[in-house]
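Mapped onto full-length UniProt numbering, the consecutive letters of the sequence shown carry residue numbers 1 to 352. A short worksheet on the structure shown next.
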Amino acid sequence: MIPHQVERYGAENVALLIPQTHMPFVEKSILDSGARIFTFARPRRLSGSIYLSFQYLRRLQSFKPDIIHAHSSIAGVIVRSLRMFTRAPIVFCPHGWSMDMKGSRAMLRMTEVAERVLGRLPDQIVVISAHEYQRALDIGIPTSRLTLIPNGIANIVPAVAPAPWDDDRIKVLYAGRFDYQKGVDVLMRAVEGLDDRLSVRLVGDAASGNRVLPAKLPACVTEVGWLDRKGVTAQMMSCDVLVVPSRWEGFGLVAIEAMRLAKPVIASAVGGLQEIIDQGRYGYLVQPENVQELHDRLLELDRDELRAMGEIGHNRYLSKYTADRMVRQLDDLYARMLLTSLPAAAGAGTDE
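Written out as structure tokens, the structure is:
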């Protein structure tokens with residue numbers, strides 16, 4: 001999205017404000033685009049939020065954005081809470097509502113109330129799936145504040161060769177964090193007893209020490225570890241099927257990354273994954289945390305059927321989940337907002 005915005009609005013008019021720790025993971029295309037990149041320290045979540053608040057207010061004065069686009073919960077809370085410091089229109093994209101997380105009833109209720117109040121502060125909330133849209137309506141956010149723009153990825157595959165994976169068994173790939181939300185522990189229990197049928201690779205790592213993998217992995221499982229985008233693509237090219245066993249998910253970007261490569265997906269029937277797979281038309285859905293159902297699905301896998309499903313999923317990606325479609329919709333949203341706000345919020349920049 002950033003390179004496209006630079007091309008459309010000019011490098012001097014596009015800026016990012018991100019944690020210093022994220023710099024090693026910024027894609028080369030963004031670094032080469034010429035967009036301004038501002039950073040803030042984030043030693044811990046609370047102190048990082050304070051640093052972000054100060055840097056955000058500082059950049060409001062120096063960059064003077066015409067539109068502010070906040071991504072994810074912490075940035076969304078800060079930008080929306082500091083609404084009085086700018087007249088520029090604010091777009092917020094939650095990338096998964098916090099009230100979809102597992103937790104106590106009281107905590108989830110408090111989260112819903114907070115999102116309802118904060119949901120009236122930005123000019124627009126961009127939701128990335130029909131599930132997110134409906135959840136926003138459920139807690140009382142008005143439709144006038146909501147715009148549905150599904151995620152998309154560029155139809156350009158990184159130039160890498162498939163990873164070596166010489167095995168006669170069905171090759172199953174998991175790519176994601178090794179934490180509770182992503183459900184990798186569910187997959188580990190589901191593959192028990194399938195050593196003669198499956199070769200399973202785990203690509204990823206735990207976040208903040210929340211590793212849920214068992215100390216001893218099933219015999220058919222190999223832990224590859226964290227890989228960069230090219231490395232993940234190479235593994236995905238070699239697999240027969242990708243498994244996304246999440247307990248909750250706002251969208252599920254890894255699923256459309258697999259579909260771009262014509263790889264079939266087995267996913268939990270949660271959040272945006274249900275929409276991507278469309279109730280099983282473009283992949284396989286299983287109930288979240290249902291170890292037996294996932295085990296049975298893996299046991300029944302057939303390579304010819306997987307190849308056919310992969311082609312169907314690829315067509316789904318091309319018709320609905322390309323980056324070109326996503327950026328067109330965002331451009332249209334920005335244009336509509338600027339038409340009504342530029343006289344009051346004119347400045348030097350375009351997006352932050």
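No residue lacks a Cβ here, since even glycine has one placed at the ideal position from N, Cα and C. Remember, it's a predicted structure, so these values are computed and weren't measured experimentally.
{"query": "Using a 10 Å radius around the Cβ and a threshold of 16 neighbouring Cβ atoms, would you call W248 buried or exposed?", "result": "buried"}
{"query": "Within its chain, find whatever has a CB closer than 6 Å to the CB of A346; leave out the 5 residues flanking it on each side and keep chain order.", "result": "Annotation note: pLDDT 47 at A346 (below 50); position unreliable, coordinate value reported separately. Excluding positions up to five away in sequence, the list is empty."}
{"query": "Rounded to whole angstroms, what is the Cα-Cα separation between P94 and F85?", "result": "21 Å"}
{"query": "Cα separation between S47 and R116?", "result": "25 Å"}
{"query": "Is it buried or exposed for E311, if we count other Cβ within 10 angstroms and need 16 for buried?", "result": "exposed"}
{"query": "Name the DSSP bridge partner or partners of T147?", "result": "V126"}
{"query": "When the Cα atoms are used, what is the spatial distance from L194 to E257?", "result": "26 Å"}
{"query": "With Y317 as the anchor, note down where its beta strand (DSSP E) starts and where it stops.", "result": "First-last for Y317: R303 to K320, but that is the alpha helix (DSSP H), not the beta strand (DSSP E)."}
{"query": "Enumerate in chain order the residues of its own chain whose CB-to-CB distance from A190 is below 7 Å, with the five nearest sequence positions on each side excluded.", "result": "V291, L294, H295 and L298"}
{"query": "Roughly how many whole angstroms lie between the Cα atoms of Y282 and I276?", "result": "8 Å"}
{"query": "Taking the beta carbon of Q20 as the centre, do at least 16 other beta carbons fall within 10 Å, making it buried, or is it exposed?", "result": "exposed"}
{"query": "Judging by CA-CA distance, which residue of D196, L198, R229 and C220 is the nearest neighbour of G204?", "result": "R229"}
{"query": "With T147 and Q124 assumed to form a contact (beta carbons below 8 Å), what rounded beta-carbon distance in angstroms separates them?", "result": "5 Å"}
{"query": "Hey, is the stretch 141-159 in contact with the stretch 316-326, meaning 3+ C-beta pairs nearer than 8 Å?", "result": "yes"}
{"query": "My assumption, with CB atoms under 8 Å, is that S153 sits in contact with Y321. Please give the rounded CB distance.", "result": "Reading off the sequence shown, one finds Ile at residue 153, where the question assumed Ser. Confirmed, Cβ separation roughly 7 Å."}
{"query": "Please report the distance separating the alpha-carbon of K171 from that of M188.", "result": "15 Å"}
{"query": "Quick one: which unbroken alpha helix (DSSP H) runs of 4-plus residues sit fully inside the stretch 10-65? Chain order, please.", "result": "28-31 and 45-63"}
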